[in-house]
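In the working numbering, the protein residues as written are 9 to 92.
No residue lacks a Cβ here, since even glycine has one placed at the ideal position from N, Cα and C.
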């Protein structure tokens, strides 16, 4: 068996979570006795974000506002995934 390094571009679906797997059909090792290539499974580890955290399929952000802002209805900038 020959070992080699191969680079692949893989599309990661939105909403994937820690421990979930992505199957790349036919990208594994060749089958025995000339059979087709097997599947390659990638296990995903999602890196934690500085501000946002996930609860199931929802993205949460803790934003601190003081009592004056809350009672007087101040305008505050809220960071989102796509900007403020």
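Per DSSP, reduced to three states, the secondary structure at residue 91 is strand. Under the DSSP assignment, residue 80 falls in the alpha helix (DSSP H) whose first and last residues are 75-80. When only Cα atoms are considered, residue 42 and residue 86 end up about 58 Å apart. Residue pairing of residue 60 in beta bridges, as defined by DSSP: 69. The way I'd put it, the region 32-50 doesn't touch the region 58-68; fewer than three beta-carbon pairs between them come closer than 8 Å.
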